[in-house]
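The numbering of the sequence shown is our numbering, which starts it at 3 and goes up by one.
Below: the structure, in structure tokens.
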Amino acid sequence: MNGLEADFLCAHGAFLVVTADLSDEYEDTNAGGDNWSLDRRRPQGQNAWADNDCTGFLPSGYVPASRARWVADNVVNLLESWSDAEVAMRTQRLARASLLAGFSLSMLGAAHCTIALDSGPEITSVQAFAEAEQRFSNALQHAQSSGAGDIASAALVGRARVKLYQGDGQGAVSDARQVPEGFRMDIYPSDAPNRLNNRIWATNLFNFSFGVAPWTRELMTGGVLDPRTITYDTGQNTGWAPGNVWGQSKYTSASSPMPIARWEEAQLIIAEVVGGDEAVGIIDGLRDVHGLPHFMGMGEAEIRQAVIDERQRELWFEGFRAYDIHRLNLPLVPAPGEPYQLGVKGGSYGDQTCIPIPIIETFNNPTIRGGA
């Protein structure tokens, strides 16, 4: 289980970096020309970074998450082959491994256009979410039977997430309503070794290879600077970006905890699906925690936009923004065709909102390459 936990932590950190760069959270500030394709929204399966492990300047979102998913499923298979007499806390371990398998599949689907599992055929992101839903259901069953309340709550959050992503709004709300108020599950990066560092801290505040993008700095809520998204000028200039690297204040050290499931996400799922007065109440409740003004808009269109904005701020740098842009067809900033870091790097922004399956999969998977 310790190996699985480490593999998942590595994968989760890589996922946050990759999706932050694909979305409007990060801008690339390093000299690695192959890496710029993701920041330009023009990723390709043959990009060298797509094969990287989690410690790369730009990690792969595919390789670490695929490994964590396989290890988690393998742990489940092994535990199912043993008895309670042979393994202490077997059912609780089954719950935890199933949970991490679900989150790994959710990450794969949220970052990529298609994926493959166990040398199988390409499947869509929605099919990946269906696989994740099954793992979360298994985790919930094992957690409930073993009294592992935190795992059960995390499984409900994860299952609500992937149900929402599959278009099952009512199922997502049903799960989200069962998450206890204030629930939060974190994973815990470490100062050493490198692969266990908090990857957002490492890429933003240690090696300065990415900075907070200009259009995500100093986000306002109700005309007030939002304390959930505080940014600052680090004073570091790599020479490979238009200006200094800007830092985020959410993860300030190599060991800063990272949430993987929390009540606030569940509430925002309810708000997105239900809308109306309940959504407004949820938005206002989340803002109250930070002393922010209440929502003052009217009508479902304004409420919907407020939910989107609240997700951007509440779930900032937690791996949600890229897939929100993809599934909700949000405006791309900068717009496609706009110059990319003019005078520094060149090219133009594209319109891709998911990452193609990398060639490390397509070249080595006999089902996809037809046995050639």
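Think of the CB as a built atom: it goes at the ideal place given N, C-alpha and C, for glycine as much as any other residue.
Computed from a predicted model, the values in this text were never measured in an experiment.
Proximal residues to residue i (C-beta, below 6 Å), its chain only, five neighbours per side dropped
i	result
V247	T31, F210, G213, T236, Q238
G277	E302, I305
I285	F297, A308, E312
Q180	L158
F59	N32, G34, S211
Distance between residue j and residue i (C-alpha atoms, nearest Å)
i	j	result
A74	L6	6 Å
K165	F131	8 Å
G339	G352	6 Å
C24	A145	Rather than Cys, the amino acid found at residue 24 in this sequence is Leu. Those two C-alpha atoms are separated by around 34 Å.
A28	V89	Checking the sequence, you will find Tyr at residue 28 rather than Ala. Approximately 44 Å between the Cα atoms of the pair.
S100	F10	12 Å
G345	T126	38 Å
G34	G241	12 Å
T218	A103	31 Å
R176	G245	Per the sequence shown, the amino acid found at residue 176 is Ser instead of Arg. So the two alpha carbons sit approximately 46 Å from each other.
W72	V78	10 Å
E320	F365	31 Å
N4	D170	34 Å
G63	A134	16 Å
I359	R69	15 Å
P66	E363	13 Å
S106	A13	8 Å
A243	T93	50 Å
V335	Y253	24 Å
I361	W203	29 Å
A156	G299	32 Å
L198	D279	42 Å
Q143	K347	51 Å
F208	F138	34 Å
P61	D36	12 Å
D53	A154	34 Å
Span of the alpha helix (DSSP H), counted from its first residue to its last, around residue i
i	result
D311	302-316
P66	65-83
Y253	Counting along the chain, Y253 falls outside any alpha helix (DSSP H), and DSSP gives it neither H nor E.
M109	92-113
I262	It is not in any alpha helix (DSSP H) - I262 instead sits in the beta strand (DSSP E) that spans 260-264.
R161	151-167
T57	Per DSSP, T57 belongs to no alpha helix (DSSP H) and is neither H nor E.
L119	Looking at the DSSP string, L119 is not in any alpha helix (DSSP H), and its letter there is neither H nor E.
Q354	No alpha helix (DSSP H) holds Q354; DSSP gives it neither H nor E.
T369	Where T369 is concerned, there is no enclosing alpha helix (DSSP H), given that its DSSP letter is neither H nor E.
Y342	Taken as a continuous stretch (DSSP letters only), Y342 belongs to no alpha helix (DSSP H), as it is neither H nor E.
Q180	Unbroken run through Q180: none, as it is neither H nor E.
T21	4-24
D286	278-290
T364	361-364
D130	Here residue 130 turns out to be Ala, not Asp, going by the sequence shown. Note, A130: alpha helix (DSSP H), 127-148.
W38	38-41
Neighbour flag for residue i against chain B, beta carbons, 9 Å
i	result
P244	Absent from the structure: chain B. Only one protein chain is present.
Close-in-space but distant-in-sequence residues of the same chain around residue i (CB under 8 Å, 5 per side omitted)
i	result
R42	Y342, G349, S350, Y351, G352
G287	Q269
R163	S108, A174, E267, I271
Q377	Not covered by the structure: residue 377. The range shown for the chain is 3 to 374.
Close-in-space but distant-in-sequence residues of the same chain around residue i (CB under 7 Å, 5 per side omitted)
i	result
S39	P45, Q46, N49
N206	F212, G213, G249, Q250
Q354	R43, R44, P45
D152	M187
N367	A118, S121
E316	R230, E266, L270, L288
N196	T57
Buried/exposed call for residue i, threshold 16 Cβ in 10 Å
i	result
G160	buried
M109	buried
M260	buried
F185	buried
Y234	exposed
Q172	exposed
N140	buried
V282	buried
R371	exposed
S85	exposed
E82	exposed
V275	buried
V20	buried
S147	exposed
A374	Its pLDDT being 46, under 50, A374 is placed unreliably in this model, and the value from its coordinates should be taken loosely. Classification of A374: exposed, given that the 10 Å Cβ count is below 16.
P191	buried
L96	buried
Beta strand (DSSP E) segment containing residue i, residue limits
i	result
F212	212-214
Y28	28-30
I189	186-189
Y234	233-235
Check: residue i C-beta below 8 Å from any heavy atom of the ligand FAD
i	result
W318	By its list of ligands, the structure shown contains no ligand whatsoever, and the ligand FAD lies outside what it can speak to.
Problem - At least three beta-carbon pairs within less than 8 Å, the stretch 307-318 to the stretch 214-228 - result: yes
Handout entry: Segment contact flag, the stretch 322-335 with the stretch 283-295, C-beta cutoff 8 Å, min 3 pairs
Key = no
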